[in-house]
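In our numbering, the protein residues as written are 4 to 456.
Structure below.
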């Protein structure tokens, strides 16, 4: 399946640059990765957020069909990882849009915001108000911690904050007697809603729209990769050895589509001779002598042999991904084996920034850090995956599905519905489909769990 021309054209119209500040402070990345180990495990998170965590309503407007409550809470992330949030994001704001007359039960869907979806107007107009009219369903619109992604680390901070804030709001809605509760989001909002549901200890409807299993492909192979400030990222990666020598060692995701599938070879540059078929003895890896590695050929699986110890099989990898990813990682390996790590000899900043493999190294590192904090396989599986209905665009150029594990592999039992067209056309013209999918997921929940309040 090709990609949407509208997606490509729309991207060319936008001049916005992503990650203009670079990777973010190394110490912030280290703290985020350590916290990911906790928040990625639902059992460890049971007591992170008290069920009676305070939520405040500070304004209410009455409209013909609904009440619109403005509220806020102090983000739990500020307590758990102090100072990681910018001061203006410590107070998490939301808008709660409630019908004056309920049709059936008191259902509430939490909507998380996509990239560039500032404040509440767009979600309120395109989703929340129509949902009141069509289904008598209330909507809670949570504002993102940051309106723009200045640093790569900002995306991870946003994810941690939204997971915790969503948990607070779900507890609050339960206390207030609303039922059933569910979550949704479009594009980045869909990613964040998915992450939040992995942390919720009960069955819950989830409808992620125009999102997939990881954000790594979005910023490395999707059209948004062209908006990434690679010049600054490459410069910082080259000059500051902490990224290559310390941050990489904190990356734990090691699935079949991961950056770490080649880490065994990165740690042992001498093994590259074996990889390239230059050694006469491959008994240490169980390979036949002289078998070699053909980049882009049928034998590329040999590059992935180190994954077998973790139980991952090559069969689970989409064939299209292997060529591109293995080439990136092999280039990274070759550079390190030929030139050595930065601490082996002093190099000028100019030398570091001019090495031929730097762009590929930066892309590989981006994939690694993105997978660490956004890959769904790095988080707990939602309690009941049959309540998850994913809406995807067949020709989405923003959310590439090639080369990454599918959500069906990570969440067996979830449903995926495909729309014709790309990301932009679906966002502009398929809001009604998104809403209907939400109703379907909520109805499925009510049938399966009629007494789960």
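We treat Cβ as the ideally placed atom computed from N, Cα and C, and that holds for glycine.
Predicted, not measured: the structure shown is a model, and the values here were computed from it.
- Put simply, of 366, 224, 409 the residue whose alpha carbon is nearest the alpha carbon of residue 378 is 409.
- For secondary structure counted as the alpha helix (DSSP H) over 4 or more consecutive residues, the segment 15–65 holds these complete runs in sequence order: 29–42.
- For residue 415, the CB contacts under 7 Å within the same chain, skipping 5 residues up- and downstream, are 388 in chain order.
- Rounded to the nearest angstrom, the gap between the Cα atoms of residue 81 and residue 407 is 32 Å.
- For residue 421, the enclosing beta strand (DSSP E) starts and ends at 418–422.
- Looking at 373, 86, 29, 7, the one whose alpha-carbon comes closest to that of residue 249 is 29.
- Here the alpha carbons of residue 376 and residue 370 stand approximately 10 Å from one another.
- In this structure, residue 214 lies away from residue 31, with their beta-carbon atoms at least 8 Å apart.
- Under the three-state reduction of DSSP output, residue 104 falls in the coil class, being neither helix nor strand.
- The way I'd put it, the segment 107–119 does touch the segment 171–187; three or more beta-carbon pairs between them come closer than 8 Å.
- If the five residues before and after residue 200 are omitted, its C-beta is found closer than 7 Å to the C-beta atoms of 186, 207, 209, 385, all from its own chain and listed in chain order.
- Secondary structure at residue 117: coil, using DSSP grouped into helix, strand and coil.
- When the beta-carbon positions are compared, residue 193 and residue 211 come within less than 8 Å of each other.
- Within the segment 141–209, the beta strand (DSSP E) runs of at least 3 residues that lie entirely inside it are, in chain order, 141–145, 184–189.
- As the crow flies, the alpha-carbon of residue 48 is around 14 Å from that of residue 165.
- When secondary structure is reduced to three states using DSSP, residue 400 falls in the coil class, being assigned neither helix nor strand.
- Rounded to whole angstroms, the Cβ separation of residue 391 and residue 412 is 13 Å, and the two are not in contact under 8 Å.
- The bridge partners DSSP lists for residue 94 are 77.
- A direct Cα-Cα distance of roughly 7 Å separates residue 63 from residue 70.
- As computed with DSSP, residue 231 is found in a beta bridge with 21.
- Cβ contact annotation for residue 9 (same chain, cutoff 8 Å, sequence separation greater than five): 424, 425, 427, 428, in chain order.
- For residue 377, the enclosing alpha helix (DSSP H) starts and ends at 361–377.
- For residue 246, the enclosing alpha helix (DSSP H) begins and ends at 245–248.
- Apart from the 5 residues on each side of it in sequence, residue 159 sits with its Cβ closer than 7 Å to the Cβ of 35, 376 in its chain, given in chain order.
- Here residue 123 carries a coil assignment [DSSP, helix/strand/coil].
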